[in-house]
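Peer 1: Dropping the structure in here first, questions after.
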Amino acid sequence: MDFNFTEEQTMIRDSLSRLIREKYDFDTRRGVVQSEAGWSPEFWAQLAELGLLMAPFSEEDGGLGGGAIDAMVVMEEFGKGLVVEPYIPTIVCAGGFLKHAGSAAQKEEYLASIMGGETVFAFAYAEPRGRYNLADLETTAKANGAGYTLSGHKAVVIGAPWASKLIVTARTSGDRRDRGGISLFIVDKDAPGVTTRDYPTVDGRRASEVYFENVALGADALIGDADGALPLIERVADEATAALCAEAVGAMGVAHAQTVEYSRQRKQFGTAIGKFQVLQHRMVDMFMEHEQSISMTYMATLKLGDDTVERQKAVSAAKVRIGQAGRFVGQSAIQIHGGMGMTEELAVGHYFKRLTMIDSELGNVDHHMRRYTELGVAPLQAAAE
Amino acid sequence: MNLEFSPEETAFRNEARTFIEENYPDELRGSGGREDLSREHMLAWHKVLGKKGWSVPAWPVEYGGTGWNATQRYIWSEENARVDSIMPLPFGVSMVGPVIYTFGSQEQKDRFLPGIRSGEEWWCQGYSEPGAGSDLASLKTTAVRDGDHYVINGQKTWTTLAQHADWGFFLCRTDPTAAKPQEGISFILVDMTTPGIEVRPIITIDGGHEVNEVWLTDVRVPVENRVGKENEGWTYAKFLLAHERSGIAGVARSKRGIEKLRNIAATEVVDGQPLLQDDTFSRKVSQLEIDLTALEFTELRTLAGEAQGKGPGPESSILKVKGTEIQQRLTELTLEAVGHYGQPYYRGFPQDAQSNAFPIGPDYAHASAPGYFNMRKTSIYGGSNEIQRNIITKMILGL
Ligand SMILES: Cc1cc2nc3c(=O)[nH]c(=O)nc-3n(C[C@H](O)[C@H](O)[C@H](O)COP(=O)(O)OP(=O)(O)OC[C@H]3O[C@@H](n4cnc5c(N)ncnc54)[C@H](O)[C@@H]3O)c2cc1C
Ligand SMILES: Cc1cc2nc3c(=O)[nH]c(=O)nc-3n(C[C@H](O)[C@H](O)[C@H](O)COP(=O)(O)OP(=O)(O)OC[C@H]3O[C@@H](n4cnc5c(N)ncnc54)[C@H](O)[C@@H]3O)c2cc1C
């Protein structure tokens, strides 16, 4: 057993945290979020320059030879700095699909430009009526000669306004919600028949509704097996979920630290409010929630390579715990800041908002609790039959 | 003890319902949950009620109250919640109004009560300061006598909707040498157009402009605008806080909120089934409703006590704590219910920011996240929930 980071991982953390401190402080971030583009391509280029976009790719793929732990380290720093840039959609999701299932030609075409920061992806999986079920798809891709015709509507595609490429889940056969019959495609955002409505999100990012109307896709747009992509999609969604947990851990840590600091400075009734035991204990509970979240994130990240059931249980357990912890830490941070916590001006409210919205991404507490329970019950049912 | 409504009370419910059906302004229908309402919108129903003589039901009849008993007032709030009506704001009707008719001079009653009843004059509450939140008595804004005026200097903050206010009621220190901080404070009515007042917006985490800083620099206010005795303002302020708390439970609104939540959950689907049929989710809604029932009957017991002449006591802290926890939980579950469509931020959407027609996701989802963010305020203001628990500790547990 070993919970130590490698030298490379420590370097990633140090260089990224320095970059964020110097180039992405809270005021700069506010400017980025409010700018017309809503993100900073320059910052993205700097991440590429430092090699951070290559970190979780193998050396054969042209990366630095790291993996999920490197992505975890990056995303924890992103969480601390409330960084909005699309590391999860581009590096963890698109990168993940390509490295697990991309053809040689696809890897050749995309991996280097992803790692170099030139190509930005978004992952279009959610649908208006699908909620968190990755198989509940109304978007269809019908075989058409050697290629496909894609039609449908993807909801709240995070980072899509910044992306030139989309990875899209679609039904190629079977009925809505069947596990089989799902395929995965790379789609040019400016392909004929693709339209988007872009908008800001409540936590300072950008997203799009993406509409496909008879979009013609070549055979080379397909990633992995036709009709059999769900296990791949679930795997990458789990990797993204673990990375999201790491982001939440980073955000929780800062929300807690800022709250403790505020309670030291803020005086009422002639004393620092941090002297009131009821607030002390609440901050202790925040601390414990944060620590448990770190543990769960490590656990889930370390189990991403396990067999499917173990991996899914681990990731769902982590997402449940982190959803709950994020809510408690966020709400407590606001409460202890009093009126100041309610202001747009202070950073703490932005951590609260990000923590809130992380729960609704890639499956909320209820969704993962259900998946965890079903995974635990299934073997018992099988044994009983 | 019994829970039946009398025939008179049932008749009253019909009367109230009919009146609302016939008179509630059309342009406000369906906007009860919306933020970003204009001043005119916020006052529209108040003005209708003012004409009818129903804008200040709880006031003594001689000042324009309706003389309704507690049950009738309960029915009235239920009927209003049914249509999500935009009720008269509390600052005039529930706060300064009662202070003026209880402690004010005849001239003050004549001058101010009609404008509060009719909704012609908008009031704001200038209590909190940057350094005086929970510890309100540490406030520093000063009012210094200069002939027949006070000259006010200082800064108030969190002043709700001061951007629309015609008048404000301010707590100011008139005797800085008083032995205790609660002494030496006066309760002063200030015309918000007086030179030297500057109102600066504070934007909250939901993106709304609801609170403000109010800066006062050499603001000259006639001495006759002081309510009651000089240096006795704390007594009036405390009287007002007790009134503020008793309305805060918000039972009828939360009932309506649960109904709306169930409608949302009936529309949202999980794996092809309505979310409402999902055991995990529907049990959370049931739990909330059970908690609300407990609150409702606690409030009814309190109201019955008040009807027998017991003033709102420290028990009203229960209503504040439980009422706000339920309101917060309601917004939390609503945000959960809408899934991905809690993310889009309608205030930031360029084209449609000012209209109802935000085109992304179902209508009920638009304000779900901002609503949840905004409701965190309820456990902070009106005496924070920690302070309420301190009150119960001291006044009821005797610790
Ligand atoms: C089953 C059992 C086995 C035990 N075995 C042993 C043993 O083998 N050897 C031995 O020496 N002792 C033993 N103890 C005693 C145990 O260590 C004491 O019960 C413990 O130290 C608490 O002391 P107390 O019971 O006097 O409670 P108190 O100290 O009177 O505490 C009462 C309550 O007040 C709270 N409280 C006290 N101080 C504070 C504070 N500053 N802030 C907030 N809350 C506070 C406590 O948390 C508790 O809830 C045992 C106790 C039990 C119940
Ligand atoms: C949206 C909004 C609208 C408002 N509208 C108005 C208005 O119109 N007019 C007006 O005058 N004011 C208004 N307020 C101000 C409100 O009354 C104060 O925010 C409130 O009194 C708390 O003060 P504070 O914000 O300074 O927090 P603080 O008093 O600094 O409290 C910070 C934290 O410490 C806790 N705390 C403080 N003292 C103790 C203690 N003794 N024991 C345990 N915990 C303690 C608090 O509970 C809180 O969690 C509004 C506030 C908000 C957020």
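Chains A and B, in that order, are what the protein sequence lines are. Per this note's numbering, residue 9 is the first one in the first sequence, and the count goes up by one each step. Per this note's numbering, residue 22 is the first one in the second sequence, and the count goes up by one each step. For each residue, glycine too, the CB sits at the ideal point set by N, CA and C. Bear in mind the structure is a predicted one, so any value in this text is a computation, not a measurement.
Given a cut-off of 8 Å on the beta-carbon distance, is the pair residue 246 of chain A and residue 319 of chain A in contact?
Peer 2: The residue you call residue 246 of chain A lines up with position 238 of the first sequence. The residue you call residue 319 of chain A lines up with position 311 of the first sequence. Closer than 8 Å, so yes.
Peer 1: Note down, in chain order, every chain B residue with its Cβ under 9 Å from the Cβ of residue 377 of chain A.
Peer 2: Here residue 377 of chain A corresponds to residue number 369 of the first sequence, with the count starting at 1. Going along chain B in sequence order, the residues near residue 377 of chain A (Cβ under 9 Å) are 301.
Peer 1: Closer than 8 Å, CB to CB, is residue 225 of chain B near chain A or not?
Peer 2: Here residue 225 of chain B corresponds to residue number 204 of the second sequence, with the count starting at 1. Chain A, which has a Cβ nearer than 8 Å to the Cβ of residue 225 of chain B, makes this yes.
Peer 1: Determine the chain A residues that contact residue 191 of chain B at a beta-carbon separation under 9 Å, and present them in chain order.
Peer 2: To locate residue 191 of chain B, count along the second sequence from 1; it is residue 170. Under the 9 Å cutoff, chain A gives no residues; its nearest Cβ is about 18 Å from residue 191 of chain B.
Peer 1: To the nearest angstrom, how far is the alpha carbon of residue 40 of chain B from that of residue 91 of chain B?
Peer 2: Translated into positions along the second sequence, residue 40 of chain B becomes position 19. Translated into positions along the second sequence, residue 91 of chain B becomes position 70. Looking at the two C-alpha atoms, the distance is approximately 19 Å.
Peer 1: Grouping DSSP H, G and I as helix and E and B as strand, with all else coil, what is residue 302 of chain B?
Peer 2: Along the second sequence, read from residue 1 onward, the residue named residue 302 of chain B stands at position 281. In the structure shown, residue 302 of chain B sits in a helix (DSSP, three-state: H, G or I).
Peer 1: Report the CB separation of residue 184 of chain B from residue 150 of chain B in whole angstroms; it is logged as a contact under 8 Å.
Peer 2: Locating residue 184 of chain B in the second sequence gives position 163, counting from the first residue. Locating residue 150 of chain B in the second sequence gives position 129, counting from the first residue. In fact, because the Cβ distance is near 18 Å, the residues do not count as touching under 8 Å.
Peer 1: Interface residues of chain B around residue 186 of chain A at Cβ under 7 Å?
Peer 2: As a working note, residue 186 of chain A is residue 178 in the first sequence. Those do not exist, as residue 186 of chain A stays about 12 Å from chain B at its closest Cβ, beyond 7 Å.
Peer 1: Distance check for residue 71 of chain B and residue 202 of chain B, CA to CA, integer angstroms please.
Peer 2: On the second sequence, position 181 is the one that residue 202 of chain B refers to. On the second sequence, position 50 is the one that residue 71 of chain B refers to. Distance between the alpha carbons of residue 202 of chain B and residue 71 of chain B: 39 Å.
Peer 1: Indicate, with yes or no, if ligand 2 has a heavy atom lying under 7 Å from the CB of residue 440 of chain B.
Peer 2: Here chain B comprises residues numbered 22 to 420, so residue 440 of chain B is not present and cannot be evaluated.
Peer 1: Say whether chain A places a C-beta atom closer than 8 Å to the C-beta of residue 394 of chain B.
Peer 2: Here the question's residue 394 of chain B lines up with position 373 in the second sequence. It does; some Cβ of chain A falls within 8 Å.
Peer 1: Quick one: give me the first and last residue of the alpha helix (DSSP H) that residue 306 of chain A is part of.
Peer 2: Stepping through the first sequence from its first residue, residue 306 of chain A is reached at position 298. Segment 285-310, the alpha helix (DSSP H) holding residue 306 of chain A.
Peer 1: Give the range of the alpha helix (DSSP H) segment to which residue 98 of chain B is assigned.
Peer 2: By one-based count along the second sequence, residue 98 of chain B stands at place 77. Per DSSP, residue 98 of chain B belongs to the alpha helix (DSSP H) from 91-103.
Peer 1: How about residue 291 of chain A: is its C-beta nearer than 8 Å to some C-beta of chain B?
Peer 2: What you label residue 291 of chain A is simply residue 283 of the first sequence in a count that begins at 1. False, the Cβ-Cβ gap to chain B never drops below 8 Å.
Peer 1: Going by DSSP, what residue range makes up the alpha helix (DSSP H) through residue 391 of chain B?
Peer 2: As a working note, residue 391 of chain B is residue 370 in the second sequence. Element bounds for residue 391 of chain B: 389-396.
Peer 1: Find the residues of chain B that neighbour residue 361 of chain A, judging by a C-beta separation of less than 7 Å, and give them in chain order.
Peer 2: Here residue 361 of chain A is taken as the residue at index 353 of the first sequence, counted from 1. Those are 226 and 394, listed as they occur along chain B.
Peer 1: Relative to the alpha-carbon of residue 323 of chain B, which residue among B/357, B/186 and B/270 has its alpha-carbon at the smallest distance?
Peer 2: Here residue 323 of chain B refers to the residue found at position 302 of the second sequence. The option with the nearest alpha carbon to residue 323 of chain B is B/270.
Peer 1: How about residue 154 of chain B and residue 346 of chain A: are their beta carbons less than 8 Å apart?
Peer 2: Against the second sequence, residue 154 of chain B aligns to sequence position 133. Against the first sequence, residue 346 of chain A aligns to sequence position 338. Taking 8 Å as the Cβ cut-off, residue 154 of chain B and residue 346 of chain A qualify as a contacting pair.
Peer 1: Can you tell me which of the three DSSP states residue 401 of chain B falls into?
Peer 2: Mapped onto the second sequence, residue 401 of chain B falls at position 380. Residue 401 of chain B: coil per DSSP, three-state reduction.
Peer 1: Give the single residue among B/222, B/400 and B/339 whose Cα lies nearest to the Cα of residue 351 of chain A.
Peer 2: Along the first sequence, one-based indexing puts residue 351 of chain A at 343. Among B/222, B/400 and B/339, the Cα nearest to that of residue 351 of chain A belongs to B/222.
Peer 1: Select from the region 177-210 of chain A all residues with a C-beta closer than 8 Å to any C-beta belonging to chain B, and list them in chain order.
Peer 2: Listed by position along the chain: 184, 185, 205, 207, 208, 209 and 210.
Peer 1: Run down chain B in chain order and give the residues with a C-beta less than 8 Å from the C-beta of residue 163 of chain A.
Peer 2: The sequence position of residue 163 of chain A within the first sequence is 155, counting from 1. Result: 361, 362 and 382.
Peer 1: What span of residues does the beta strand (DSSP E) with residue 258 of chain A cover, start to end?
Peer 2: For the purposes of this step, residue 258 of chain A is identified with residue 250 of the first sequence, where counting begins at 1. No beta strand (DSSP E) holds residue 258 of chain A; the alpha helix (DSSP H) holding it covers 238-273.
Peer 1: Residue 347 of chain A: beta carbon under 7 Å from a heavy atom of ligand 2?
Peer 2: For the purposes of this step, residue 347 of chain A is taken as the residue at position 339 of the first sequence. Residue 347 of chain A Cβ: within cutoff of ligand 2.
Peer 1: Please state the DSSP three-state secondary structure of residue 164 of chain B.
Peer 2: Numbered from 1 along the second sequence, position 143 holds the residue referred to as residue 164 of chain B. Reduced to three states, the DSSP call for residue 164 of chain B is strand.
Peer 1: Between residue 67 of chain B and the rest of its own chain, which residues show a CB-CB distance below 7 Å, the 5 nearest in sequence each way excluded?
Peer 2: Counting from one through the second sequence, the residue named residue 67 of chain B turns up at place 46. Closer than 7 Å at the Cβ level, and outside the excluded window around residue 67 of chain B, lie 76, 109 and 140.
Peer 1: Give me, in chain order, the residues of the same chain whose beta-carbon lies closer than 7 Å to that of residue 310 of chain B; leave out the 5 immediate sequence neighbours on both sides.
Peer 2: Residue mapping note: residue 310 of chain B aligns to position 289 of the second sequence, counting from 1. Here the set comprises 279.
Peer 1: Kindly indicate if chain A contains any beta-carbon less than 8 Å away from that of residue 222 of chain B.
Peer 2: One-based indexing of the second sequence puts residue 222 of chain B at position 201. With 8 Å as the cut-off, residue 222 of chain B does not count as an interface residue toward chain A.
Peer 1: List, in order along the chain, the chain A residues whose C-beta lies closer than 9 Å to that of residue 179 of chain B?
Peer 2: Your numbering for residue 179 of chain B matches position 158 in the second sequence. Result: 347 and 350.
Peer 1: For ligand 2, is there any heavy atom lying closer than 7 Å to the beta carbon of residue 232 of chain B?
Peer 2: If you number the second sequence from 1, residue 232 of chain B lands on position 211. Answer for residue 232 of chain B: yes, Cβ within range of ligand 2.
Peer 1: Using the Cβ count rule (16 or more neighbours within 10 Å means buried), how would you classify residue 250 of chain B?
Peer 2: On the second sequence, residue 250 of chain B is found 229 positions in, with the first residue counted as 1. Classification of residue 250 of chain B: exposed, given that the 10 Å Cβ count is below 16.
Peer 1: With DSSP run on the structure shown, which of helix, strand or coil describes residue 36 of chain B?
Peer 2: Along the second sequence, read from residue 1 onward, the residue named residue 36 of chain B stands at position 15. Three-state result, residue 36 of chain B: helix.
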